[in-house]
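>
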Amino acid sequence: MSTAPQPAPLVVKIGGAAGVDLENVCADVAELRQRGERVVVVNGGSEAGDSLLASLGMERTEALTASGNVVRLTNEATLRVLTMAWVGDVNKRAVLALLSRGVPAMGMCGADGRVLVARRRPPLKIQDGTRTRIDRTHLAGEMTEVNTRLLGVLMDAGQTPVVCPPAVTEDGVLVNVDADQVAAAIAAALGARTLVMLSNVAGLLEDPADPTSLIRESDDVERVMGFARGRMRYKLEAARRALAGGVRSAYITASAAPRPVLSALAGEAGTRLTSAAATKVADAGA
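Under this note's numbering, the first residue of the sequence shown carries the number 21, and numbering increases by one thereafter.
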């Protein structure tokens, strides 16, 4: 007996910055599930992580690399605390928000079922005044693999996977990976039809100081990358990777907006990013 193919899922990434409305986003995810959509949720947790570190008298040290980039260092002790915040706090709040709306949800980090596998970045060359030193304690990684079979089994069982960093390396070491990149990797690996990234801003603005300068749509991520500042650059890069991986569209919008996910999908809010190549293929097939 043959079974009908499952529809391509949506990936919804809930940002971790201050002002992100997790409950608001989960209400939309619940409505999408009621419509029969398959959804994977990815959560960040930057504010929760920084708050927990501060409460413990800890902080993430910033360092200047020899190449001129400023990075926030993540050592073993720091990552342990960040994992508590990302997995034990934000991830479980998202799961509970979905459960309270009647949506079965399964929370996990990258190590659970090896759902997120990453390659650890090489040791950092840190510029310390006039001296360059090597930092071998930095635990950061780049996504290399997503356990799509596990995510598929969960979705087939009616669950909504809620996934968050850290990821795990092939030799079993936890590493910090950017949550936007996690969402992009999952979307591409699952063949998702869209990636929606929720944050504390309305979308990509031509002028960050002017909320009326929202860029509603673009099929040229490289061009609009020039307008991005701060964390928005990470979101544009995640969108670029998702689109390059075959995802049809990516959205960036505000989590606090009314019906944030649904309004973005309807073209009523946020910034919609597509690939010019994919658009030409779609037009040719019309």
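Don't be surprised by glycine CBs; every beta carbon is placed ideally from N, CA and C. Keep in mind it's a predicted model, so treat the numbers as computed, not measured.
(1) Please classify I20 as buried or exposed, where buried requires at least 16 other C-beta atoms within 10 Å of its C-beta.
(2) I'd like to check one pair, A138 with A207: are the Cβ atoms closer than 8 Å?
(3) Quick one, which of R253, L174, L171 has its alpha-carbon nearest D198's?
(4) Under a three-way DSSP split, which group does L308 fall into?
(5) Counting Cβ pairs, one atom from each stretch, are 3 or more of them under 8 Å apart for the region 82-93 and the region 49-69?
(6) State the DSSP-derived secondary structure class of N196, mapped to helix, strand or coil.
(7) Residues in its own chain within less than 6 Å of A248 by CB, not counting five upstream and five downstream?
(8) May I ask you to report which of helix, strand or coil DSSP gives M128?
(9) Within the 8 Å Cβ cut-off, does G250 reach chain C?
(10) Between R213 and A28, is the Cβ-Cβ spacing less than 8 Å?
(11) Within this structure, are the beta carbons of G56 and G36 separated by less than 8 Å?
(12) How about V281 and D70: do their beta carbons lie closer than 8 Å?
(13) Reducing DSSP to helix, strand and coil, say where D240 ends up.
(14) Just the Cα atoms here: how many angstroms apart are T98 and D148?
(15) Could you check which residue in S283, A209, Y271, S233 has the C-alpha nearest to that of T294?
(16) Beta strand (DSSP E) containing R80: first to last residue?
(17) Based on the DSSP secondary-structure assignment, which residues constitute the bridge partners of E280?
(18) Just reading off the alpha helix (DSSP H) that N63 is part of, what are its end residues?
(19) Whose C-beta lies closer than 8 Å to the C-beta of I235 among residues of the same chain, with five residues either side of it excluded?
(20) Excluding the five sequence neighbours on either side, which residues of its own chain have a C-beta within less than 8 Å of the C-beta of A264, listed in chain order?
(21) Nearest-angstrom Cα distance between P181 and A289?
(22) Can you tell me where the alpha helix (DSSP H) holding A47 begins and where it ends?
(23) Take the Cβ of N167 as the centre, count every other Cβ of all protein chains shown within 10 Å, and call the residue buried at 16 or more, exposed below.
(24) Put S71 into one of helix, strand or coil per three-state DSSP.
(25) Nearest by alpha-carbon distance to M217: which of D41, P25, Q26 is it?
(26) Nearest CA to the CA of T232: which residue from D240, V221, S238, D239?
(27) For my contact list, L136 and A187 are in at a C-beta cut-off of 8 Å; report their separation, rounded to the angstrom.
(28) Mapping DSSP to helix, strand and coil, what is V107?
(29) Comparing C-alpha positions only, which one of N44, S269, G287 sits nearest to A114?
Reading it off the structure:
(1) Coverage of the chain is limited to positions 21 through 306, which leaves residue 20 absent and any answer about it impossible.
(2) It is not a contact, given that the beta carbons lie outside the stated cut-off.
(3) Among R253, L174, L171, the Cα nearest to that of D198 belongs to R253.
(4) For the chain, the structure presents residues 21 to 306; residue 308 sits outside this window and is missing.
(5) No, the region 82-93 does not touch the region 49-69.
(6) It is a strand residue.
(7) In its chain, beyond the 5 residues on either side, L256 have a beta carbon closer than 6 Å to the beta carbon of A248.
(8) Note: M128 maps to strand in three-state DSSP.
(9) Of the protein chains in the structure, only one exists, and it is not chain C.
(10) Contact: yes.
(11) With respect to G36, G56 sits apart: the two C-beta atoms are not nearer than 8 Å.
(12) Contact flag unset, no.
(13) DSSP, read as helix, strand or coil, puts D240 in coil.
(14) Near 21 Å, if we compare the C-alpha coordinates of D148 and T98.
(15) Cα-wise, what sits closest to T294 is Y271.
(16) Annotation: R80 is outside any beta strand (DSSP E) and is labelled neither H nor E by DSSP.
(17) According to the sequence displayed, residue 280 carries Pro and not Glu. Partner(s): none; P280 has no beta bridge.
(18) Unbroken run through N63 is the beta strand (DSSP E), 59-63; no alpha helix (DSSP H).
(19) The residues are G223, L224, L225, E226, V244, F247, T291.
(20) Listed in chain order, the non-local C-beta contacts of A264 below 8 Å within the same chain comprise A208, S295, local neighbours out to five positions each way being set aside.
(21) Each residue's alpha carbon lies about 25 Å from the other.
(22) From DSSP, the alpha helix (DSSP H) with A47 extends over 42-54.
(23) Around the CB of N167, 16 or more other CB atoms lie within 10 Å, so the residue is classed as buried.
(24) Three-state result, S71: helix.
(25) Selection D41, P25, Q26 evaluated against M217 yields D41 as nearest (Cα-Cα).
(26) Ranked by Cα distance from T232, the first of D240, V221, S238, D239 is V221.
(27) About 4 Å separates the beta carbons of L136 and A187, which is inside the 8 Å limit, making them a contact pair.
(28) Three-state result, V107: helix.
(29) Among N44, S269, G287, the Cα nearest to that of A114 belongs to N44.
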